[in-house]
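Asks: In this note's numbering, the protein residues as written are 36 to 259. Where a beta carbon is used, it is the ideal one built from N, C-alpha and C, also for glycine.
#1: Once you ignore the five residues that flank residue 204 on each side, which residues in its own chain have a CB closer than 7 Å to its CB?
#2: Taking the alpha-carbon positions, what's the residue 223 to residue 240 distance?
#3: If you draw a straight line from the C-alpha of residue 179 to the C-alpha of residue 115, how long is it?
#4: In whole angstroms, what separates the C-alpha of residue 199 from that of residue 123?
#5: Spatial neighbours of residue 190 within its chain, please: CB distance less than 7 Å, with the 5 preceding and 5 following residues excluded, ordered by chain position.
#6: Run through DSSP, which three-state label would residue 143 get?
#7: Mind pulling the alpha helix (DSSP H) runs of 4 or more residues that sit fully within the segment 114-191?
#8: The alpha helix (DSSP H) that contains residue 102, what's its start and end?
#9: If contact is defined by three or more beta carbon pairs under 8 Å, each pair taking one atom from either stretch, is the segment 242-255 in contact with the segment 64-80?
#10: Whose C-beta lies closer than 6 Å to the C-beta of residue 97 among residues of the same chain, with five residues either side of it excluded?
#11: Under the assumption that residue 148 contacts residue 111 (Cβ atoms under 8 Å), give the Cβ distance between them as a whole number of angstroms.
#12: Mind checking which residues open and close the alpha helix (DSSP H) that includes residue 248?
#13: Please state the DSSP three-state secondary structure of residue 81.
#14: Report the rounded CA-to-CA distance for residue 53 versus residue 169, giving the unit in angstroms.
#15: Whose C-alpha, out of 74, 75, 86, 72, is nearest the C-alpha of residue 45?
#16: Determine the DSSP secondary structure at residue 215, reduced to helix, strand or coil.
#17: Looking only at its chain, what residues have a beta carbon closer than 8 Å to the beta carbon of residue 56, apart from the 5 residues adjacent to it on each side?
#18: In whole angstroms, what is the alpha-carbon distance linking residue 163 and residue 113?
Structure below.
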């Protein structure tokens, strides 16, 4: 239940809450020998810490989650923890680190659990596009929708733009924004606006890009 609460907090942009729940639950799990939940809690903690900008803490949590997953028989959490390492690497702006961690993630089998699988695929797709290796991933879009669907449309748009189809990318952004509004997800809408700004910058529309980036920045500051 605590692990579910951590992931729910992450999806709701409540990163401080998610990290706090994870840290308290980890203390209890270690105290009472509940080793089966350690990898899940630490992976969720990694995602929350990376989104808060605490990159060293995020790395430490993800690396220990991999150890816990391998030691206590939770193989599906190994790729999720590696995805957490990728999110933290994006915050460092280090292309070589991203390449290394992308290769590690590519070499790890995908999990069966649908939401984790999509979370890994969207992270992998986004980073590959950032590194100049865009590859479409139809599995990111369509049904069933979940709490992170809007974000996946941003990543699909990033890939589509990188492949030279800015019009199709803008259409994907519009679809993603509609989902974010329906789900009242301000953080994901801001990510979609940021992605659209990046696409518009490439076409020289700097004024609209600035407006979108200022709007997104305000949201990011408000949600921490």
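Replies: Looking at the coordinates:
#1: 192, 195, 196, 234
#2: 22 Å
#3: 20 Å
#4: 28 Å
#5: 157, 160, 161, 175
#6: Three-state DSSP puts residue 143 in coil, outside helix and strand.
#7: 130-141, 149-165
#8: 90-107
#9: Verdict: no, contact absent.
#10: 81, 116, 119, 120, listed in sequence order.
#11: With 8 Å as the limit, residue 148 and residue 111 qualify as a contact, their Cβ atoms being about 6 Å apart.
#12: 241-258
#13: helix
#14: 32 Å
#15: 86
#16: helix
#17: 37, 40, 41, 44
#18: 19 Å
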